[in-house]
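> Count the sequence shown with the UniProt record's numbering and you get residues 1 to 859, in order.
By construction, the Cβ of each residue, glycine as well, lies at the ideal position given by its N, Cα and C atoms.
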Amino acid sequence: MSQTLPPETAAAADGSGFDPYAIQQKWQARWAEADPFRAGGADDTRPRKYVLGMFPYPSGDLHMGHAESYAYVDIVARFWRHRGYNVLNPIGWDSFGLPAENAAIQRGADPREWTYANIAQHKKSFREYGSSYDWSRILHTSDPEYYRWNQWLFQKLYERGLAYRKESPVNWCPNDQTVLANEQVVDGHCERCGAEVVKKKLTQWYFKITDYADRLLDDLNQLEGFWPSKVIRMQRNWIGRSVGADIDFEIEGREEKVTVFSTRPDTLHGATFFVVAPESDLAAELAAGAPAEVRMRFQDYLERVGKESEIDRQATDRPKTGVFLERYALNPLTGERLPIWAADYVLADYGHGAVMAVPAHDQRDLDFARAFDLPVRVVVDTTAPITGAIPVIDLDDEGNPIVDESLESIDPARTGIALTGEGRMINSGSLDGLSKRNAIARIIEELEAAGTGRAAKSYRLRDWLISRQRFWGTPIPMIHTQDGRIVPVPADQLPLTLPDAQGLDLAPKGTSPLGGATEWMQTVDPETGEPALRDPDTMDTFVDSSWYFLRFLSPGDAGEAFSTREADKWAPVDSYIGGVEHAILHLLYARFITKVLFDMGLIEFTEPFSSLINQGMVLLGGSKMSKSKGNLVEFAASMVDPGADASRVAITFAGPVEDDINWEDVSTTGAQKFLARAWRVAKDVMSSPDVVWAEGDPALRRVTHRLLADAPGLVEQTKFNVVVARLMELVNATRKAIDTGAGPADPAVREAAEATAMILDLFAPHTAEEMWEILGYDGFVGLVPWRQADPTLLVEESVTAVVQIDGKVRATLEVPARIGGDELEALARGDERVQRTLGGREITRAIVRPPKVVSFSTH
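1) Please work out which residues of its chain come closer than 6 Å, Cβ to Cβ, to residue 860, disregarding the five sequence neighbours upstream and downstream, and give them in chain order.
2) Verify whether the separation of the beta carbon atoms of Thr-383 and Ile-410 is less than 8 Å.
3) Tell me, to the nearest whole angstrom, how far the beta carbon of Arg-551 is from that of Trp-93; I am working on the premise that it is less than 8 Å.
4) Whole angstroms is fine: what's the gap from Val-163's alpha carbon to Gln-155's?
5) Could you tell me the alpha carbon to alpha carbon distance between Pro-765 and Ala-755, rounded to whole angstroms?
6) Are the beta-carbon atoms of residue 922 and Leu-585 separated by less than 8 Å?
7) Check the C-beta distance from Ser-125 over to Leu-52 and give it rounded, since I have them as a contact under 8 Å.
8) Is the CB-CB distance between Leu-347 and Ala-287 below 8 Å?
9) Would you kindly check if the distance between the Cβ of Val-170 and the Cβ of Val-260 is under 8 Å?
10) How many Å lie between Pro-20 and Arg-787 at the Cα?
11) Rounding to the nearest angstrom, what Cα-Cα distance links Gly-17 and Ala-742 in this structure?
12) Pull the bridge partners of Met-356 from the DSSP assignment, please.
13) Exposed or buried, which one is Thr-497 when buried takes at least 16 other CB atoms within 10 Å?
14) Going by Cα to Cα distance, which pick from Ser-575, Arg-215, Ile-593, Arg-127 is closest to Asp-35?
15) Can you grab the Cα-Cα spacing for the pair Glu-308 / Arg-295, in whole Å?
16) When the distance is taken between beta carbons, is Leu-714 closer than 8 Å to Val-723?
17) Leaving out the 5 sequence neighbours to the left and right, which residues in its chain are closer than 7 Å to Arg-370 when beta-carbon positions are compared?
18) Can you give me the start and stop residues for the alpha helix (DSSP H) that Lys-26 sits inside?
19) Using only the alpha-carbon positions, how far apart do Glu-796 and Arg-726 sit?
20) Leaving aside the five residues before and after Val-848 along the sequence, list all residues of the same chain whose C-beta is less than 7 Å from its C-beta, in chain order.
21) Can you grab the Cα-Cα spacing for the pair Val-198 / Gln-314, in whole Å?
22) Which word fits Asp-218, buried or exposed, when buried means at least 16 other C-beta atoms lie within 10 angstroms of its C-beta?
23) Buried or exposed: Thr-844, going by 16 or more other Cβ atoms within 10 Å of its Cβ?
24) Helix, strand or coil for Glu-256, going by three-state DSSP, please let me know.
25) Write down the C-beta distance between Gly-578 and Met-64 rounded to the nearest angstrom, noting that I regard them as a contact closer than 8 Å.
26) Tell me Asp-44's beta-bridge partners as DSSP assigns them.
27) With distances taken between CB atoms, is the gap from Leu-202 to Val-179 smaller than 8 Å?
28) Less than 8 Å separating the beta-carbons of Arg-264 and Gly-244?
29) Return the bridge partner residues of Asn-331 from the DSSP annotation.
30) When DSSP labels each residue in this structure, what does Gln-155 get in the three-state scheme?
31) According to the Cβ coordinates, are Tyr-129 and Ala-67 closer than 8 Å?
32) What does the Cβ neighbour count give for Leu-794, buried or exposed, with the cut at 16 atoms within 10 Å?
33) Using 8 Å for Cβ pairs, my map puts Gly-353 next to Trp-341. What's the rounded Cβ distance?
34) Could you give the C-beta distance for Ala-532 and Thr-481, rounded to a whole number, given that I count them as a contact under 8 Å?
35) Applying the 10 Å Cβ sphere with the 16-neighbour rule, what's the burial state of Phe-298?
36) Measure the alpha-carbon distance for Gln-363 versus Leu-374 and round it to whole angstroms.
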């Protein structure tokens, strides 16, 4: 939702003499010369705050969608400086990745040229925007001195068994010709280019993030109240921990057992068939041993499934399909033969890629059973209370349930509705009569005793696939030897830098362009000296951004990834600011790497970002501003007209931080008029800096001091738009005092103008600095300590309350304007004049209308 600028603000001043662009250029030059926003060093005794915005990708210049996010970063950084903190606010660029490579392919250029040209433009734009960065701490992830430490990190994970290589079905983007992590697939499409994703079997590198699943889930409790609840919920859902049992099934004709994970092992007696994911190795193996006709049907089905997205496969409203493999699994409790089907509603990377189907109590299993006329056996009586009588259902000679008349109306085979509610176990041998919880505990005991199962957990989270078949990324620092070993590139040979792109075919073709760099690919086995090959893939760019916040602490350090001493001082990040679109991808990976570094003893914290601020999107034409969509308001043009300050104020005022805003509703014209009005207030002040403020107009001083008192809390609650609105009120009150009150020489006018300049620095730093200079001060207003509010001026204005007794005024009281009814009545009852008038008579009725009227009756 957006706000409308108040008419008295939008139309107040003519702005005569106010030149925002000239003011902008003046103060940018002074900041560049003085470098006032550099974080203090070891001798700085102020408390520290680490403020960080999610670093940008240099795909062309910034646009107004970026302007919103980086305005909020600057507000927070400037606020904490005013509050007396030593603030670290660095800037860097996430400069590897597909957009640069694709742009280079289109232009026939080296990705480096396009990337670093865009970075140069970004730097210029950030300076024009007035961003108060520490420009001594800059990094680009595509610099060898940065990605050398990506390679170090990879090898450390490899040493700890957390980096490994395996063949598996992966998400393949046919447009970008590269693999995607599960998190990079949105509704079955590539989150970057929108192409429909298909499955492809490849050998790839993974990080074993699943080893940290429990910690990633449980540690979210630390972030409650400090991260948006929406983000915490999304992370919990993505990790998706389920508790149940692993159950081992024998397969006829196969020596090795197949393990199935189930959250409902208590329903094992209700399993009537067995399902495997069609793309799994198990399905291929079982089909290979089946008759030729089955093998052909299976192969046709597998090709069809390969064209479906996981989202489609998991949809509950689509017809169920599958192929009977003419193989059987054996129920480990009963020995019952369960027919094995390959069906697309089971995914290879869920649990173990196979499920025991209990159609009476799982809707997808039931839909499949009804589609292929498979048995449905009820083993939980959901009509039975958890306590009380337990109806018994017998089995016929063929093992099918004889349903009691009381259950016929809810029989899943008849109704098509699975029984998923609570109840009592039936048709389950020793489990009969038990509740779900007790039955699960009992069945796990029985499985463990028989050696056919055990308690287990399963997760929706999958290991992080980091291999990418593209050029513009961090080379994977591993060597493939002639005898099949995979060994790390020796540490003294890092960084393993990218070859020159000239002469390489960078066009996506399913294999990494690095494979075509013949000379670069050739190396030697560090153990034997024999010829060997480098790994041709590069790393997912989310590796780059998973630890960059630590590199900012010592960006030029050639000896270590980051200074542990500086990490002890500054980290974790106090305020992290960026888009909610990174709620799963980047934040989850950063949390994982942080925990790994903690386990390595390099840091003393387990969560990278103590507080998270997510801004909404800036929309244009109904959709998010995006270079790929072509719906942009260019950043550079807005720096000239209406100027950086007006853009910042207009965006901030447009609505709450977390809300989306429509650019069409953002009033930069109104914001510019407000700034002109504020500037004019400073120009009109006629008192000197040493004036005694206490001698000024009390009414204006109260407005000033209430804002000084309220603004810190509002900023910390990210109610930035409210602070801007309150600043507008202060400017209007000051203007009124100048024009119709005590006049421009009133000390309260100067005090209000100075407070305006200081608070305005958060939103419009160029105008604020200009006002500060006009008011007669040297130095930068951005470094001025926050003015403390006078408590005596925070007392609300009093009003006169009338006290009536039997319709006649008997007393008046001076009371606070916001006094409550109970308090006002108590004051009136205790007043000496009221007591004297009553003369001991009892009050039979009291009517209280705070803050002005109290009426007592004695009749």
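This is what the structure holds:
1) Here the chain covers residues 1 to 859 and nothing more, so residue 860 does not appear.
2) In the sequence shown, residue 383 corresponds to position 383, counting from 1. In the sequence shown, residue 410 corresponds to position 410, counting from 1. Contact: yes.
3) For the purposes of this step, residue 551 is taken as the residue at position 551 of the sequence shown. For the purposes of this step, residue 93 is taken as the residue at position 93 of the sequence shown. The Cβ separation is near 12 Å, so there is no contact.
4) Reading the sequence shown from its first residue, position 163 is the one you call residue 163. Reading the sequence shown from its first residue, position 155 is the one you call residue 155. Rather than Val, the amino acid found at residue 163 in this sequence is Ala. Straight-line spacing of the CA atoms in Ala-163 and Gln-155 works out to 8 Å.
5) By 1-based counting over the sequence shown, the position of residue 765 is 765. By 1-based counting over the sequence shown, the position of residue 755 is 755. In a straight line, the C-alpha of Pro-765 is about 13 Å away from that of Ala-755.
6) In this structure the chain extends from 1 to 859, so residue 922 is not present and cannot be described.
7) Walking along the sequence shown from the start, residue 125 turns up at place 125. Walking along the sequence shown from the start, residue 52 turns up at place 52. Contact between Ser-125 and Leu-52 is absent: CB atoms are separated by about 18 Å, not below the 8 Å threshold.
8) Numbered from 1 along the sequence shown, position 347 holds the residue referred to as residue 347. Numbered from 1 along the sequence shown, position 287 holds the residue referred to as residue 287. Taking 8 Å as the Cβ cut-off, Leu-347 and Ala-287 do not qualify as a contacting pair.
9) Within the sequence shown, numbered from 1, the residue matching residue 260 stands at position 260. Within the sequence shown, numbered from 1, the residue matching residue 170 stands at position 170. Judged by beta-carbon spacing, Val-170 lies beyond the 8 Å limit of Val-260, meaning their Cβ atoms are not closer than that value.
10) Counting from 1 along the sequence shown, the entry for residue 20 is found at position 20. Counting from 1 along the sequence shown, the entry for residue 787 is found at position 787. If you take the alpha carbons of Pro-20 and Arg-787, they lie about 26 Å apart.
11) Indexing the sequence shown from 1 puts residue 17 at position 17. Indexing the sequence shown from 1 puts residue 742 at position 742. Counting only the Cα atoms, Ala-742 lies some 25 Å from Gly-17.
12) Looking up residue 356 in the sequence shown gives position 356. Answer is Phe-274.
13) Along the sequence shown, one-based indexing puts residue 497 at 497. With fewer than 16 other Cβ atoms inside 10 Å of its own Cβ, Thr-497 counts as exposed.
14) The residue given as residue 35 occupies position 35 in the sequence shown. Of the candidates Ser-575, Arg-215, Ile-593, Arg-127, Arg-127 places its Cα closest to the Cα of Asp-35.
15) As a first step, residue 308 must be located in the sequence shown, where it is residue number 308. As a first step, residue 295 must be located in the sequence shown, where it is residue number 295. In this structure, the CA atom of Glu-308 is about 20 Å from the CA atom of Arg-295.
16) Reading the sequence shown from its first residue, position 723 is the one you call residue 723. Reading the sequence shown from its first residue, position 714 is the one you call residue 714. Cβ atoms of Val-723 and Leu-714: closer than 8 Å.
17) Numbered from 1 along the sequence shown, position 370 holds the residue referred to as residue 370. Result list for Arg-370: Gly-416, in chain order.
18) Taking the first residue of the sequence shown as 1, we reach residue 26 at position 26. Start and end: 20-34.
19) By 1-based counting over the sequence shown, the position of residue 796 is 796. By 1-based counting over the sequence shown, the position of residue 726 is 726. As the crow flies, the alpha-carbon of Glu-796 is around 17 Å from that of Arg-726.
20) Position 848 of the sequence shown, counted from the start, is the residue given in the question as residue 848. Within the same chain, Val-848 has close Cβ partners Gly-821, Leu-824, Glu-825, Val-854.
21) By one-based count along the sequence shown, residue 198 stands at place 198. By one-based count along the sequence shown, residue 314 stands at place 314. In this structure, the CA atom of Val-198 is about 15 Å from the CA atom of Gln-314.
22) To locate residue 218, count along the sequence shown from 1; it is residue 218. Counting the other CB atoms within 10 Å of its CB gives Asp-218 a total below 16, which places it among the exposed residues.
23) Locating residue 844 in the sequence shown gives position 844, where the first residue counts as 1. Around the C-beta of Thr-844, fewer than 16 other C-beta atoms lie within 10 Å, and the residue is accordingly described as exposed.
24) Counted from its first residue, the sequence shown places residue 256 at position 256. Three-state DSSP puts Glu-256 in a strand.
25) Your numbering for residue 578 matches position 578 in the sequence shown. Your numbering for residue 64 matches position 64 in the sequence shown. The C-beta distance from Gly-578 to Met-64 rounds to 16 Å, too long to fall under 8 Å, and the pair is not in contact.
26) Taking the sequence shown and counting its residues from 1, the one referred to as residue 44 is at position 44. According to DSSP, Asp-44 bridges with nothing at all.
27) Along the sequence shown, read from residue 1 onward, the residue named residue 202 stands at position 202. Along the sequence shown, read from residue 1 onward, the residue named residue 179 stands at position 179. Closer than 8 Å, so yes.
28) Translated into the one-based positions of the sequence shown, residue 264 becomes position 264. Translated into the one-based positions of the sequence shown, residue 244 becomes position 244. Between Arg-264 and Gly-244, the C-beta gap is smaller than 8 Å, which places the two residues in contact.
29) By 1-based counting over the sequence shown, the position of residue 331 is 331. Answer is none; Asn-331 lacks a bridge partner.
30) On the sequence shown, position 155 is the one that residue 155 refers to. Note: Gln-155 maps to helix in three-state DSSP.
31) Residue 129 sits at position 129 when you count from the first residue of the sequence shown. Residue 67 sits at position 67 when you count from the first residue of the sequence shown. For Tyr-129 and Ala-67, yes; Cβs fall inside 8 Å.
32) In the sequence shown, residue 794 corresponds to position 794, counting from 1. Leu-794 counts as exposed, since fewer than 16 other beta carbons sit within 10 angstroms of its beta carbon.
33) Here residue 353 is taken as the residue at index 353 of the sequence shown, counted from 1. Here residue 341 is taken as the residue at index 341 of the sequence shown, counted from 1. By a beta-carbon distance limit of 8 Å, Gly-353 does not contact Trp-341. Their separation comes to about 13 Å.
34) On the sequence shown, position 532 is the one that residue 532 refers to. On the sequence shown, position 481 is the one that residue 481 refers to. With a beta-carbon spacing of about 5 Å, Ala-532 and Thr-481 fall inside the 8 Å limit used to define contacts.
35) Taking the first residue of the sequence shown as position 1, residue 298 is located at position 298. When all chains shown are included, Phe-298 counts as buried.
36) Position 363 of the sequence shown, counting from 1, holds the residue named residue 363. Position 374 of the sequence shown, counting from 1, holds the residue named residue 374. For Gln-363 and Leu-374, the gap between their C-alpha atoms comes out near 14 Å.
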